[in-house]
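Written below as structure tokens is the structure these notes are about.
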Amino acid sequence: MQSARRPAERGARRLRVLEARITIATSSLLNSVQDFISEELTWPWPSTEGRSKTHMALPYAVIENGKLVFGYGEPGRFSLELEPINIVELDPRRN
4 MQSARRPAER
14 GARRLRVLEA
24 RITIATSSLL
34 NSVQDFISEE
44 LTWPWPSTEG
54 RSKTHMALPY
64 AVIENGKLVF
74 GYGEPGRFSL
84 ELEPINIVEL
94 DPRRN
């Protein structure tokens, strides 16, 4: 029974590592986009409603229910939320 669990545990660990890499890469990309846009506009982008104009919403990326949810702002209070991506669609082996 223990040997049967090991492949499942390895698979679960690989999935956690993949999810972490996806969220880190997404946050990094969002940060780069934000830097570029803010420098071009010469003011913080995107702003957060109800906060000072100098406050900039921070990048946010998390995997929830197999979907990459990302954008700028705080969980549940996005300033800019992008369309979630099903992470299964990111797997090149699925076709």
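Residue numbering for the sequence shown follows the working numbering, beginning at 4 and increasing consecutively.
For each residue, glycine too, the CB sits at the ideal point set by N, CA and C.
Here Phe73 has Thr29, Leu33, Tyr63, Ala64 and Leu85 as same chain residues with Cβ atoms under 7 Å from its own Cβ, once five neighbours each way along the sequence are excluded. The C-alpha of Ile27 is placed about 26 Å away from the C-alpha of Thr45. Ala15 and Glu22 have their C-alpha atoms spaced approximately 11 Å apart.
Beta-bridge analysis with DSSP links Lys70 to Glu67 and Asn89. Excluding five sequence positions before and after Asn89, the CB atoms of its chain that fall closer than 7 Å to its own CB belong to Gly69 and Lys70, given in chain order.
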